[in-house]
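Numbering (my numbering), first residue to last: 134 to 213.
First up is the structure itself, then whatever we jot down about it.
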């Protein structure tokens, strides 16, 4: 029979230079949105979704590519 025990992890982020900070971990999306708007990290749009300006780096690097091995690429790519 399975256990329904809820375990809360306690971790330290001090080794990464994060001290005396409040960490929001595993919150529901609505709560994260509320925190983002309250801290001016995002704005609610007219339909209630969260909009965030990510700045200069808004997408993936052009060098981040994945090639799928299939019948088209099988004989055209050196697979190592």
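Just so you know, even glycine gets a beta-carbon here, dropped at the ideal spot from N, CA and C.
By DSSP's assignment, residue 209 forms no beta bridge with any residue.
In this structure, DSSP gives residue 165 a helical state, which the three-state scheme calls helix. The Cβ-Cβ distance between residue 157 and residue 168 falls below 8 Å. Here the alpha carbons of residue 144 and residue 190 stand approximately 30 Å from one another. Taking C-beta atoms under 8 Å as the contact rule, residue 183 and residue 175 qualify, at a distance of about 5 Å. DSSP, read as helix, strand or coil, puts residue 147 in helix.
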